[in-house]
Structures are given as structure tokens and as C-alpha cells.
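Going down the list, the protein sequences come from chains Z and G.
Going by numbering that gives the first Met the number 0, the first sequence opens with residue 0, and the numbers climb by one from there.
Going by numbering that gives the first Met the number 0, the second sequence opens with residue 0, and the numbers climb by one from there.
We put the CB at the ideal spot given by N, CA and C, even for glycine.
Here the structure is a predicted model, which is why all the values come from computation and not from measurement.
Protein chains: 2
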Amino acid sequence: MSTPAVSPPATRDPLTEEDICRRVRDSVLEQRLSPGTRLTEDKLCTVFGVSRTLVRRAFLLLSRDNIVRLERNKGAVVASPTPEEAEQVFEARRVVESALIAQAVARATKPDFEMLRMHLAREKDALATADIARWIRLTGEFHILLARLARNAPLLAFLEQLVFQTSLIIALYGRNGSPSNCRGDDHDRMVAALEAGNAAEAVDILTHHMNGIEAGLSFAPRDDMEDLHQIFAAKAS
Amino acid sequence: MSTPAVSPPATRDPLTEEDICRRVRDSVLEQRLSPGTRLTEDKLCTVFGVSRTLVRRAFLLLSRDNIVRLERNKGAVVASPTPEEAEQVFEARRVVESALIAQAVARATKPDFEMLRMHLAREKDALATADIARWIRLTGEFHILLARLARNAPLLAFLEQLVFQTSLIIALYGRNGSPSNCRGDDHDRMVAALEAGNAAEAVDILTHHMNGIEAGLSFAPRDDMEDLHQIFAAKAS
DNA sequence: AGTCAGTAAATTGTTGACAATCTTGTTGCA
DNA sequence: TGCAACAAGATTGTCAACAATTTACTGACT
Chain Z
0 MSTPAVSPPA TRDPLTEEDI CRRVRDSVLE QRLSPGTRLT EDKLCTVFGV
50 SRTLVRRAFL LLSRDNIVRL ERNKGAVVAS PTPEEAEQVF EARRVVESAL
100 IAQAVARATK PDFEMLRMHL AREKDALATA DIARWIRLTG EFHILLARLA
150 RNAPLLAFLE QLVFQTSLII ALYGRNGSPS NCRGDDHDRM VAALEAGNAA
200 EAVDILTHHM NGIEAGLSFA PRDDMEDLHQ IFAAKAS
Chain G
0 MSTPAVSPPA TRDPLTEEDI CRRVRDSVLE QRLSPGTRLT EDKLCTVFGV
50 SRTLVRRAFL LLSRDNIVRL ERNKGAVVAS PTPEEAEQVF EARRVVESAL
100 IAQAVARATK PDFEMLRMHL AREKDALATA DIARWIRLTG EFHILLARLA
150 RNAPLLAFLE QLVFQTSLII ALYGRNGSPS NCRGDDHDRM VAALEAGNAA
200 EAVDILTHHM NGIEAGLSFA PRDDMEDLHQ IFAAKAS
């Protein structure tokens, strides 16, 4: 109940294209929209109660962030990164986030750490109350909050993209047997290392953290054509 | 004359939004459009012979790449990064490009180096024939070609943004007394280091290269209001 | 039965007109 | 003369209708 998950049926809001983007993003993040889902303009128009112009602009922005794929005369589908793209996203995150953490150590102040610890508390709360959607969002946000301390707008914006891509990838390839999200007390330990001014250790924890997430993925039998496999299975039965 | 600098007065071309983007980008890159210039929709419509829809979409894309700034009800102006933003762009480039070079060393093959050396020859040719517009473009492209060898799409796309921003920054703050662009034989030496498999040295050259460019800038008296300063100076004379 | 062509529905692409907003120039008033 | 309110022009924001394309369906033919 922390955020208005579903707004009233879209009346008298002068929604802007950024609102649409955020709503779509959140829906993907909380796995109400799965990768590969087709998004028709009309549907979103009626859902949000706006005209096609806005939806169109939103699609353009979302495609720029690799959240949807736009094909001419075909419309928009929620992006479903290939294993190769996934690998590259993880590599990019290791590079960018390591640098951001090093900077963050140099610039963070006491109130910053309090803010981080408050966030960690929220994460734990969400997990304790089994509010998984909120937990997923918060674990992603942690990395953003951390990155913000480095005070580098371009790198921050880029990491935001990457963090979102990571969520998409986990939604696609995560073995739901072992929750491959940000698990364990890695976040706590990173904050501790940061507060101790130990950038090297913080980076080290992060790297292992990311490797752990990546290792928890399964690219096995659904590279591009997950649907096809299901169809074939159904036919054979 | 290497590229059609100005197309015939915009007749019978089914231009796409990417074309508009590219044309605007190139114009900024070759300093025909200076930072702060206002771009009205109607003007571009008549120039390119397209409807407002396309121009609008192009603006949206360009704003995402920080090439233009979009303000509601105010239209688009060519971006003019502040000194703080400039500093952050350079920092981001150091981070991203170092990692890309390290990867490039690991993955580059013989034909890659031939390609790079051919590019270096083109750079020298442009400089020799005093084709400055082409030279500016080529020096930027060098870094893109290098980055492409690392085979990481997100990092590459991000670096493309940053390289363009760098050009903007040089256009804004470069002391035209000392050509602060990619100067000297840094590019040659980087290729040599790469071919020798010496990633550390290549990164080192790059860092000095970037520092040199940054040091050649002058943020002195024109932070946001360059025009005002000129006007006051004129009044005083 | 299976395949292919043709047609109908649905969806996206484009355009032009109209409304809202900002900018600029002018007029009236203290 | 200086300032403020007003008005005209220009520019951007929004929308709804129309055109082009793709997709789905139906039916005839082999």
C-alpha cells in the first residue's frame, strides 16, 4: 500500500507521456507485463484514457530505453533480451557500477548512509510482509540510490537503464526455484564497506553480488522461441 | 565533398525520423548549429520538407541523447552543457572507454587493426586537406570504431552519446587558439599499444588523451549567458 | 484434406485543423 | 517617463479523421 498500485479507471488526469512510461515500466518491473507481450496503441489509450499521440510518444521513449521493441507497422512489444544481450548488460553493470561505487565512497556523507540504512529497512520490511512486487522494486532502487551518491548524471542515467534491463532479464531467465534477485545480506555488507571507506571491498561485494545473480539464471531451452516450445509440447500430448 | 553536405531543397525524399536526427546531429557536430540555438518545428519542417510529426519525433529522440533540450511549450534548443555537466561527461568517458579498450584488446583481430589504421589514414588526409568538418567527425568516429571491437552494445551506445557530448563541449568551451580536439599522434599510439596487446598502456594513453582535451577547455566567462556577455562588451566599446 | 488467393477486420502511419500557451508590441495610466 | 495591463502574432500541444499496412479469416480449387 505504499504506492497507488492501480489508479481509478483513468478519469480526469492530465497524464503526461512520462506518466505512461513510468506506469509501463512499473508494470514490467512488477512482472504484471511479461517480456514479449504485445502492446497495442488502442488498448493503452483506453486503459490510460489518453489519445494515441501520448501513447505513441511514450512508446518512442520506452524503445530508447530498451524497455519495448518498436517495429515499423508492427507496433510495440515488451523487450525480451537475448542471452547475449543479457551477458552484455551484466558486463556493463559491473563496469559502470564499480566506478560509481568508488566515487560514492569519496563523496558520501553521514546523512547519505542513514538514507541507505533506511532503505535497507524498507527492503527487509517488504520481504517480511511478503510484498514481493515492492521488494523487487526496492532491491533495484538500492543500486540507484547508491549510484546517486557519485553525482554523475550521465552514468546514473545509464545505470538506471541497466538496472531495469536486469529486472527484465531476471523475469525472463530467472529460475524461480532459487530467487536470483538481490539476495542475502549483500546490500547490508556493501553499505558497511562504504561507510568504512573501503571502496575496494564494496566493489568486490558488488562484483560477487552480480556474478551470483548472473549464475542464478538459466538460458537453457527458451532462447527466443519460448512459445514455440510450449506449443510443440502441447501438440505432442 | 565526401558527403552530401546540403541536399537538394528537400523534394521527393521519404525521410525518416532517424534521417532528421542524423542531419541535426551532423550539423551540430560540424558546428553549423551552435549550442543554444533555438529549433522551431516549422523551420525544420520547411527545411526538410516533412510534416511536424516527424520533426517532433526527431526532437524527442534527440532530447533523449542530450543533443537538444526540450522544454514544455517552449520548443527545442541545441543543448549547451554546463561546466559541471562537461566534467561529468569526461569522467564518464574515462570510466566507460577504459573498460571498452580493455575488452577490445582481448577481442580484436588482425583485420580490426587494418581497419583502424585505414581510419587513421583518413584522419590524416582530412587534416592535410584542411577539411576541418570532416576531421572533427573522423576523430570522434575513431573512438566509436575502437569501442565497437569490445562487442558490448549497451556500452557502445552509451559511449556514442558521450562522444557526441564531448564534441558539443569542445564547440562551447574549446579555446580555438589551441585546437583542443584529438591532437597529436595519440590515436596512432593507442592503436600501436592495442596491437601489442598492452591494454594498460592503451588505457593510459587514452586517459592522458582525455585529460589533455579537458585541460584545453576554458570555462571562464560564459557559463550560461554567452550572448549577454557579448552584448555587454559591445555596449562598453 | 490441404493449399492458395482474395477479402474483411484490425492496427499502425500520416496529415491537417483546432486549442492552449508563450512571446512580443502597443496602449493607457499614474 | 516608467510601469502594467492588454492584445496580436507566433509557436507548441492535442485531437480526430483518413490512408497505408499488416493480420486473420473465408472459400474456392487441386
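Asked                                                                                                                                                                                              : Found
Terminal residues of the continuous beta strand (DSSP E) containing Glu122 of chain G?                                                                                                             : Here Glu122 of chain G belongs to no beta strand (DSSP E); instead the alpha helix (DSSP H) covers 109 to 127.
Alpha carbons only, please: which of Z:Asn210, Z:Lys42, Z:Ala201 is nearest the one belonging to Ala75 of chain Z?                                                                                 : Z:Lys42
Excluding sequence positions up to five away, which residues of its chain have a Cβ less than 8 Å from the Cβ of Gln102 of chain Z?                                                                : Leu148, Ala149, Arg150, Asn151
Are the CB atoms of Glu200 of chain G and Phe89 of chain G nearer to each other than 8 Å?                                                                                                          : no
I'd like the span of the alpha helix (DSSP H) that includes Arg68 of chain G, first residue to last.                                                                                               : Element bounds for Arg68 of chain G: not the alpha helix (DSSP H) but the beta strand (DSSP E), 67 to 70.
Starting from Gly211 of chain Z and walking both ways along the alpha helix (DSSP H), at which residues does that stretch end?                                                                     : 198 to 214
For chain G, is any of its Cβ atoms less than 8 Å away from the one on Asn151 of chain Z?                                                                                                          : yes
Can you give me the C-alpha to C-alpha distance between Phe218 of chain Z and Ile168 of chain Z, rounded to a whole angstrom?                                                                      : 10 Å
Would you call the CB atoms of Val162 of chain Z and Gly183 of chain Z closer than 8 Å?                                                                                                            : no
Please classify Gly48 of chain Z: does DSSP put it in a helix, a strand, or coil?                                                                                                                  : coil
Please list the partners that Phe157 of chain G has in chain Z, where partner means a Cβ-to-Cβ separation under 7 Å.                                                                               : Phe157
Near Ala78 of chain G, what residues of its chain come up, given a Cβ to Cβ distance below 7 Å and the 5 sequence neighbours on each side ignored?                                                 : Pro34, Asn65, Ile66, Val67, Arg68, Leu167
Under a CB-based cut-off of 8 Å, is Ala105 of chain Z close to chain G?                                                                                                                            : no
Please list, in chain order, the chain G residues whose beta carbon lies closer than 7 Å to that of Arg51 of chain Z.                                                                              : Chain G residues near Arg51 of chain Z: none, gap ~12 Å exceeds 7 Å.
Excluding the 5 residues preceding and the 5 following Gln229 of chain G in the sequence, name in chain order all residues of the same chain whose CB lies nearer than 6 Å to its CB.              : The predicted model places Gln229 of chain G with a pLDDT of 47, which falls under 50 and marks its position as unreliable; any figure quoted below should be read in that light. Once the five neighbours on either side are set aside, Gln229 of chain G has no close Cβ partner at all.
Any contact of the stretch 52 to 65 of chain G with the stretch 116 to 131 of chain G, i.e. 3+ C-beta pairs under 8 Å?                                                                             : no
Can the beta-carbon of Arg55 of chain G be found less than 8 Å from the beta-carbon of Glu40 of chain G?                                                                                           : yes
Between the stretch 192 to 218 of chain G and chain Z, which residues of the former have a C-beta closer than 7 Å to a C-beta of the latter?                                                       : none
What's the gap between the Cα of Leu53 of chain Z and the Cα of Asp25 of chain Z?                                                                                                                  : 18 Å
Is it the case that the stretch 183 to 198 of chain G contacts the stretch 102 to 113 of chain G, given that we only count it when at least three CB pairs across the two stretches are under 8 Å? : yes
If you count every other CB in all the chains shown that lies within 10 Å of the CB of Ile143 of chain G, and 16 or more means buried, which is it?                                                : exposed
Just to confirm, is the Cβ distance from Phe157 of chain G to Phe157 of chain Z under 8 Å?                                                                                                         : yes
If you measure from the beta carbon of Ala170 of chain G to each beta carbon in chain Z, is any gap under 8 Å?                                                                                     : no
What are the partner residues of Ala75 of chain G, as DSSP defines its beta bridges?                                                                                                               : G:Leu38, G:Leu69
With Thr165 of chain Z as the anchor, note down where its alpha helix (DSSP H) starts and where it stops.                                                                                          : 152 to 172
Would DSSP call Arg31 of chain G helix, strand or coil?                                                                                                                                            : coil
Alpha carbon to alpha carbon, how far is Arg22 of chain G from Arg92 of chain Z? Give it in angstroms, no decimals.                                                                                : 32 Å
Below 8 Å on C-beta distance, what does Asp98 of chain Z contact in chain G?                                                                                                                       : Per the sequence shown, residue 98 of chain Z should be read as Ala rather than Asp. Residues of chain G passing the Cβ test: Val94.
Ser50 of chain Z: buried (16+ other C-beta within 10 angstroms of its C-beta) or exposed?                                                                                                          : exposed
Cβ of Glu285 of chain Z within 8 Å of Cβ of Ala132 of chain Z?                                                                                                                                     : Outside the displayed range of chain Z (0 to 236) lies residue 285 of chain Z, so it cannot be described from this structure.
Under 9 Å, CB to CB, which of the residues in the stretch 42 to 69 of chain G have a partner in chain Z?                                                                                           : Arg55, Arg56, Leu59, Leu60, Arg63, Asp64, Asn65
Indicate whether Pro80 of chain Z and Leu171 of chain Z have their beta-carbon atoms separated by less than 8 Å.                                                                                   : yes
Pick helix, strand or coil for Thr242 of chain Z, following the three-state DSSP scheme.                                                                                                           : Chain Z is shown from 0 up to 236; residue 242 of chain Z falls before or after that span and cannot be answered.
Answer with yes or no whether the minimum CB distance from Thr81 of chain G to chain Z is below 8 Å.                                                                                               : no
Decide if Glu96 of chain Z is buried, meaning its Cβ has at least 16 other Cβ atoms within 10 Å, or exposed.                                                                                       : buried
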